[in-house]
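Peer 1: I have a structure I would like to understand better, so I am pasting it below and will then ask my questions one at a time.
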Amino acid sequence: MTTMRGWVFRSRGTPAQVLKLEDDLPRPTASSLGAHDVLVKVKYSSLFQAMAMLMTQIPHINSKPWIPEATFSGVIEAVGNQVSRLKVQEEVSGGMPPNVLFKYGGTLAEYIIVPEQFVVRKPDNLSFEGAGGIALHVPTAQQFVEIAKLKKGSRVLVTGASSGTGSIVVQVARDVVGDDGLVVGTCSSGNARMVEELGVHKVIDYTKYPILHEYLAEQYDSEPFDAIIDIVGGDWDLYKKCESYLKPDGVFIFVGDMSMVRGEANILAVLRMVLRIGVASKLPVMLGGVPRRCLLHQGQINGATLQKAAAYIAEGKVKPVTDRVVEMEDVLKGYERVFSGRAKGKVIAHIQD
Numbered sequence: 001m002t003t004m005r006g007w008v009f010r011s012r013g014t015p016a017q018v019l020k021l022e023d024d025l026p027r028p029t030a031s032s033l034g035a036h037d038v039l040v041k042v043k044y045s046s047l048f049q050a051m052a053m054l055m056t057q058i059p060h061i062n063s064k065p066w067i068p069e070a071t072f073s074g075v076i077e078a079v080g081n082q083v084s085r086l087k088v089q090e091e092v093s094g095g096m097p098p099n100v101l102f103k104y105g106g107t108l109a110e111y112i113i114v115p116e117q118f119v120v121r122k123p124d125n126l127s128f129e130g131a132g133g134i135a136l137h138v139p140t141a142q143q144f145v146e147i148a149k150l151k152k153g154s155r156v157l158v159t160g161a162s163s164g165t166g167s168i169v170v171q172v173a174r175d176v177v178g179d180d181g182l183v184v185g186t187c188s189s190g191n192a193r194m195v196e197e198l199g200v201h202k203v204i205d206y207t208k209y210p211i212l213h214e215y216l217a218e219q220y221d222s223e224p225f226d227a228i229i230d231i232v233g234g235d236w237d238l239y240k241k242c243e244s245y246l247k248p249d250g251v252f253i254f255v256g257d258m259s260m261v262r263g264e265a266n267i268l269a270v271l272r273m274v275l276r277i278g279v280a281s282k283l284p285v286m287l288g289g290v291p292r293r294c295l296l297h298q299g300q301i302n303g304a305t306l307q308k309a310a311a312y313i314a315e316g317k318v319k320p321v322t323d324r325v326v327e328m329e330d331v332l333k334g335y336e337r338v339f340s341g342r343a344k345g346k347v348i349a350h351i352q353d
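According to full-length UniProt numbering, the sequence shown is numbered sequentially starting from 1.
What follows is the structure, given as structure tokens:
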């Protein structure tokens, strides 16, 4: 049996507790491909906060080794007999939504099998390293902008602007709203310069204004935002008080809660957050509701959204932001950086050359 290296976990816990690098995992081969599957030799993958949270919260129902992570870049080794769009030796990137990830396994391994629709040709203007980190972020950012109905001249606030997701969202938003619009991003002072270089018009240092909604009410009451994209989460008052800084026809988009992915909450807290947002979106003002539309969105990943994102990247309208690259053996150090909440952009894992 031909083997490969990969990171696996067999029980619930933090990456440091349960994630192990094994060098004798069964290596997938061309003979194991479905008709519409692709076999990829992985070069890079990225480490997601949400994946780290899932390791700590989702019960492991059997002893089967699970391989984490969802994005990749690499080279095609083989294709199924019904695959016509992609060819052997093509340079590719891609990402899998949760339902596909749980069925096929993750990308922190030297070789993976992926359904054809979740694989795209790597844009020529991206390195393997860059392509391995943004396959899921760009389509998600594009969807945020579409949901918010941003256009030239729109005004938008993005929290967590220096994060892996935020660093892409602000670039897409700036491209859409243009010089006549306004993109405001929150981050620490240490990350401000990087965020400004991504096109943000104004940076708010969240450490200087810990009660953010009060500052926003003072500064943006007369010229409120068209949309707020809340990547950080955890500050319910940011939505509850937004009437003074979000236009009546504006939208508040919840992305998640970073405190949860740092291990400060459990799966019940996630469910409570989802329920709370669902109730808030329907509750009448007379019963304590907020007269501003809100919703939870974390991205729809499919062949169409990945192809659209790849074309957008190829136009040079967005660039990957990498905090650091860790070697295959140092993935646990990479997760430490992810959990710290201090990463500037993505933490990328180099799987192999």
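Beta carbons: idealized from backbone N, C-alpha and C, even for Gly.
1) Check whether the Cβ atoms of residue 75 and residue 91 sit closer than 8 Å, and answer yes or no.
2) Return the chain-ordered list of same chain residues with a C-beta closer than 6 Å to the C-beta of residue 352, the five sequence neighbours on each side being excluded.
3) Decide if the segment 305-319 is in contact with the segment 119-130; the criterion is three or more beta carbon pairs, one per stretch, under 8 Å apart.
4) When DSSP labels each residue in this structure, what does residue 184 get in the three-state scheme?
5) Do three or more CB pairs link the segment 137-150 to the segment 234-248 at distances below 8 Å?
6) Considering residue 22, what are the terminal residues of the beta strand (DSSP E) in which it resides?
7) Please classify residue 36: does DSSP put it in a helix, a strand, or coil?
8) Count the CB pairs spanning the segment 148-156 and the segment 309-320 that are closer than 8 Å, and state whether there are at least three.
9) Exposed or buried, which one is residue 51 when buried takes at least 16 other CB atoms within 10 Å?
10) If you reduce the DSSP assignment to three classes, tell me which class residue 1 lands in.
11) Compute the beta-carbon to beta-carbon distance between residue 345 and residue 321, rounded to the nearest angstrom, for a pair I have assumed lies under 8 Å.
12) With a threshold of 6 Å on Cβ separation, who are the neighbours of residue 69 within its own chain once the five nearest residues in sequence on each side are excluded?
13) Threshold first: 4 residues or longer. Then list the alpha helix (DSSP H) segments lying entirely within the segment 189-268, N to C.
14) Between which two residues does the beta strand (DSSP E) harbouring residue 115 extend?
15) State yes or no: is the C-beta of residue 255 within less than 8 Å of the C-beta of residue 186?
16) Going by DSSP, what residues sit across from residue 350 in a beta bridge?
17) In the DSSP output, which residue or residues are listed as bridge partners for residue 295?
18) Between which residues of its own chain and residue 202 is the CB-CB distance below 6 Å, once the five residues before and five after are set aside?
19) Cβ of residue 149 less than 8 Å from any chain C Cβ?
20) Taking the straight line between their C-alpha atoms, what separation do you get for residue 226 and residue 17?
21) Helix, strand or coil, according to DSSP, for residue 174 in the structure here?
22) Just the C-alpha distance for residue 129 and residue 136, rounded to the nearest angstrom, thanks.
23) At which residues does the alpha helix (DSSP H) containing residue 54 begin and terminate?
24) If the criterion is Cβ atoms closer than 8 Å, does the pair residue 26 and residue 3 meet it?
25) Residue 152: buried (16+ other C-beta within 10 angstroms of its C-beta) or exposed?
26) Secondary structure at residue 91, three-state DSSP: helix, strand or coil?
27) Taking the alpha carbon of residue 72 as the reference point, which residue from 198, 131, 188 and 123 has its own alpha carbon closest?
28) Put residue 301 into one of helix, strand or coil per three-state DSSP.
29) Which class does residue 316 belong to by DSSP, given the choice of helix, strand or coil?
Peer 2: Answer, in terms of the structure:
1) yes
2) 110
3) yes
4) strand
5) no
6) 20-26
7) coil
8) no
9) buried
10) coil
11) 3 Å
12) 45, 51, 106, 107 and 108
13) 192-197, 212-220 and 236-240
14) 111-115
15) no
16) 44 and 327
17) 253
18) 184
19) Annotation note: the requested chain C is absent from the structure, which comprises a single protein chain.
20) 43 Å
21) helix
22) 14 Å
23) It spans 49-57 - the alpha helix (DSSP H) in which residue 54 sits, taken as one unbroken run.
24) Yes, the pair counts as a contact, with Cβ atoms nearer than the cut-off.
25) Per the 10 Å Cβ criterion, exposed.
26) strand
27) 131
28) coil
29) coil
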